[in-house]
Amino acid sequence: AASSSPIMKRSESVLDTMPEALSQNRYHMKKCFKKYVETGIRMMKLHHLMQEMESVIEDRDEKAQLLEGLLGYILCTTQEAAVVPPYVAFAIRPNPGFWEFVKVNSNDLSVDGITSTDYLKFKEMIVDDKWANDENALEIDFGAMDFNLPSMRLSSSIGNGLKFTSKFITSKLYAQCGSQLQPLVDYLLSLNHQGEKLMINDKLNTVSKLQAALIVAHTSLSSLPNDAPYQSFELRFKEWGFEKGWGDNAKRVQETIRFLLEVLQAPDPENLEAFFSRVPKIFNIVLFSIHGYFGQSNVLGLPDTGGQVVYVLDQVVAMEEELLLRIKQQGLSFKPRILVVTRLLPDAKGTECNQVLEPVSNTKHSHILRVPFRTEKGDLRKWVSRFDIYPYLERFTQACSDASAKITETMEGKPDLIIGNYTDGNLVASLMANKLGTTLGTIAHALEKTKYEDSDMKWKQLDPKYHFSCQFTADMISMNSADFIITSTFQEIAGSKDRPGQYESHGAFTLPGLCRVVSGINVFDPKFNIASPGADQTVYFPYTETPKRFTTFQPAIEELLFSKVENNEHIGYLEDKSKPIIFSMARLDTVKNITGLTKWFGENKRLRSLVNLVVVAGFFDPSKSKDREEMEEIKKMHLLIETYELKGQIRWIAAQTDKNRNSELYRCIADTKGAFVQPALYEAFGLTVIEAMNCGLPTFATNQGGPAEIIVDGVSGFQIDPNYGDESSNKIADFFQKCKEDPGNWSRISDGGLKRINECYTWRIYANKVLNMGNIYTFWKQLNKEQKEAKQRYIELFYNQHYKNLVRTVPIASDEVNPPAPVL
Ligand code: UDP
Ligand code: LCN
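So the number in UniProt numbering is just where the residue sits in the sequence shown, counting from 1, plus 1.
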């Protein structure tokens, strides 16, 4: 397929080129468009469009010529087409974040450009003609509030919002030097922690006074040794109007002063960022991660409980470490406080999710605070799926506010930064941040909207099961409330060449009969930032670090992998222990495609002759699963093992919950000179990928989603396409074949993976980035106060008048054994 077009210049729009392209192939195109309107498929995806086109052109050469030409290119960049005879309306996406909409009249092939709103109306006509034509149908336009806000223009800037925001702040400060810098001085004057003033006091309340004092202070420091502690010149500094927070020694203080002097003289983004990375603004952080079983042990594998919990806990450890370092370097002695707020689950199923307060392991000052879901009947005891969680969230926020006395007490102060995780956590975080006026960062490890085809158009059909109307609305509320959005990869925001990003899909969409979102979120908004997670390197370290290895687990792992018994922890066995092992570990969801990998293995004789397969996933008895998808996958696994006669070459191990043991398992697989395979149909980020790479295990990971950015194909691992099983299994087989001939091949990829991790995917890099975001966006929020408040008003209206009505349609759970039918 023509992926990048030499024929169409960047500057040319589809509207300019499509009429010509159609008229060049008029005969075939008339036939083709006739078919498009006759198929009866009203929402056509790319493969439908291609299929029909191929069927009308019989001559192979003609077909190839057409597909390689301009028309082929236009089609390849088409995401979907809505058929409303005689029109076919196309949504075309030439590049990540860039969309164009045209309608083609199938009778005469005339082409007209249409707006995204008109395109949405076409889609609506397919399911709800009356609503589509209602002039008063509700349109949601968050973009309308952003008219004088900066927006980026380049695809390459997407996800790099901090840089852009620093530039924009600089230009604002520079606009009329002098008077425009006063907000910066005011901001510094406002800094304090637990009643103690920081950086400057009222003596330095104007730009000129501050500048003059900084110059004197800077000169005075030149005569001191670099390591002279702040205390040794504190008194002199205080007389000049300075407070603590500039640094812990003369060198650091001098550097910080220098950054600020540069900014005051002529603001530039580099010095601004450097200065703000040192401003003592953030000490207390509250994180919300509400659903699932949020705990520190025995929770993985429980419903809705996967990578998000791992991510949040590791994030806390990393942020506390970074805060401790920063506070020390600022010359301060405050304690940082981080609180993860989650749901208290009285029915804790053997976990610690019924404890109110729990210290976070490997931290000194961080805790998990659990607040129960309250209903009319008191505290809800049982677990609630993330899809059904909406009715409890407002009360939960209220209870958190009541508990906020508790939060404030635990933290010894108000939070300086609030971070939400996933739809539920983000919504509560945005309500809370709004109430307290705190800076808000949001994270959505995986937004649900793109996971289900046409989830917006089909919302009415899906709502009883998934409550997407609530979810998408809640997501928009928090995205728009957020001061910054943390994503793990570029693709999460704006996708890849072929697939729109998770956030991008919220740009414009429609829930026919409910609302037409003409502008939900803009991927060019500078609030978007990429900060990829890491893996806990005290646990996931290379197999070569022998003295550190968790040898105590090795006998159990030996049993787990190689014993011939089948029990409720493992089934299948490995006949030839000398072969390398290909290994995978994931929840047994359809999207994780563990069954796909098993099938590829079953079908590929060459691969089977080279390696054994070990998978850790789910459990073995479908009747014990609560989840329909999981049940199907379990049955499928059994069937595949039987069909391909895999016993002797496969070991299927039930879900594992001990991360220390898991890390040793990755390393033991590395000892066999094996590999990790992540075959998901789509993966938002993929923590297992970086866990394996951290252990030095060569990794093959899906090219659908985040892993495509983590792995540089052939250098730090390999990318595989889950849609082409043969190709993928052969790629794995080729690797092992090559390793047989040249053992250096294995180590090259293992080393490449480790190098990649240490350069880009560590928690230190993450924590540093996120705290810098906290600092810069807090200042930006201040500078941009009026605009922000106006938008917040719109959001409040949307929340109260729209979202709350949707929540009323979600049944409330009951702890009674046979609950009465819900009243809708
Ligand atoms: N995991 C585990 N036991 C299992 C399956 C997964 O401990 O049986 C862990 C895995 O090590 C990783 C997390 O759960 O830390 C899964 O995160 P990932 O991002 O791969 O997927 P998610 O489950 O979040 O979709
Ligand atoms: C959720 C997912 O689906 C994974 O892809 C991520 O790795 C995980 O959260 C942690 O961010």
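For every residue, glycine included, the Cβ atom is placed at its ideal position computed from N, Cα and C. Note that the coordinates shown come from a computational prediction; the quantities given were computed from them, not determined experimentally.
Residue i, enclosing beta strand (DSSP E) - first and last residue
i: Tyr88; result: Tyr88 to Asn96
i: His292; result: Here His292 belongs to no beta strand (DSSP E), and DSSP marks it neither H nor E.
i: Thr257; result: Element bounds for Thr257: not the beta strand (DSSP E) but the alpha helix (DSSP H), Ala251 to Gln266.
i: Tyr574; result: His571 to Leu575
i: Val85; result: Thr79 to Val85
i: Val616; result: Asn613 to Val617
i: Arg517; result: Cys516 to Ser520
i: Val105; result: Phe99 to Asn106
Close-in-space but distant-in-sequence residues of the same chain around residue i (CB under 7 Å, 5 per side omitted)
i: Leu333; result: Lys245, Gly246 and Pro281
i: Arg11; result: With a pLDDT of 49 at Arg11, under the threshold of 50, the predicted position of this residue should be treated as unreliable, and no value is reported.
i: Lys606; result: none
i: residue 913; result: Since the first residue of the chain shown is 2 and the last is 825, residue 913 is not available in this structure.
i: Ile444; result: Ile420, Gly421, Asn422 and Ile487
i: Ile478; result: Leu428, Ser431, Ile796, Phe799, Tyr800 and Tyr804
Residues near residue i by beta carbon distance below 8 Å, same chain, minus five either side
i: Asp722; result: Thr703, Asn704, Gln705, Glu728 and Ser729
i: Tyr37; result: Met45, Leu50, Glu53, Ala82, Val84, Val89 and Ser107
i: Leu358; result: His368, Ile369, Leu370, Arg371 and Thr411
i: Asn731; result: Asn605, Arg607 and Leu608
Unbroken alpha helix (DSSP H) run spanning residue i, endpoints
i: His368; result: No alpha helix (DSSP H) holds His368; the beta strand (DSSP E) holding it covers Ser367 to Pro373.
i: Tyr175; result: Gly162 to Tyr175
i: Asn26; result: It is not in any alpha helix (DSSP H) - Asn26 carries neither H nor E in the DSSP assignment.
i: Trp460; result: Trp460 to Tyr467
i: residue 1; result: The shown model of the chain, from 2 to 825, leaves out residue 1, and the question about it has no answer.
i: Leu784; result: Trp764 to Leu784
i: Lys805; result: Lys805 to Val808
i: Gln650; result: It is not in any alpha helix (DSSP H) - Gln650 instead sits in the beta strand (DSSP E) that spans Gln650 to Ile654.
i: Pro270; result: Pro270 to Phe277
i: Glu742; result: Gly726 to Glu742
Residues near residue i in its chain [Cβ-Cβ closer than 6 Å; skip 5 each side]
i: Ala2; result: Caution applies to Ala2, whose pLDDT of 33 falls short of 50 and renders its modelled position unreliable; the value that the coordinates give is listed next. Closer than 6 Å at the Cβ level, and outside the excluded window around Ala2, lie Cys77.
i: Leu16; result: Val103 and Gly114
i: Lys204; result: Gly242
i: Leu301; result: Thr658
i: Ile8; result: For Ile8, the pLDDT reaches just 49, beneath the cut-off of 50, and the residue's location in the model is therefore unreliable, although a value from the coordinates is still provided. So the qualifying residues of the chain are Leu71.
i: Thr352; result: Tyr294, Gly296, Asn299 and Val300
i: Asn806; result: none
Opposing strand residues paired with residue i [DSSP bridges]
i: Asp714; result: Gly718
i: Asn285; result: Arg338
i: Ile42; result: Ile42 is not bridged to any residue.
i: Gln679; result: Ala702
i: His194; result: Glu197
i: Asp348; result: Note: Asp348 sits in no beta bridge, so no partner.
i: Asp380; result: Arg375
i: Ser585; result: Val616
Residue i Cβ short of 8 Å to the ligand UDP heavy atom set
i: Phe342; result: The sequence as given places Val at residue 342; Phe does not occur at that position. Checking every heavy atom of the ligand UDP against the Cβ of Val342, none is found closer than 8 Å.
i: residue 830; result: Only positions 2 to 825 of the chain appear in this structure, which leaves residue 830 out of reach.
i: Lys593; result: yes
i: Leu314; result: no
i: Ala138; result: no
i: Val690; result: yes
i: Gln657; result: yes
i: Tyr617; result: Reading off the sequence shown, one finds Val at residue 617, where the question assumed Tyr. Val617: yes, Cβ under 8 Å from the ligand UDP.
i: Leu561; result: no
i: Met45; result: no
Proximity test, residue i beta-carbon vs the ligand LCN heavy atom, cut-off 8 Å
i: Val361; result: no
i: Glu684; result: yes
i: Ala791; result: no
i: Leu174; result: no
i: Gly73; result: no
i: Leu163; result: no
i: Gln309; result: yes
i: Pro534; result: yes
i: Leu589; result: no
i: Ala706; result: Note on identity: in this sequence residue 706 is Gly, with Ala being the wrong assignment. Answer for Gly706: yes, Cβ within range of the ligand LCN.
i: His446; result: yes
i: Gly160; result: no
i: Ser290; result: no
i: Gly775; result: no
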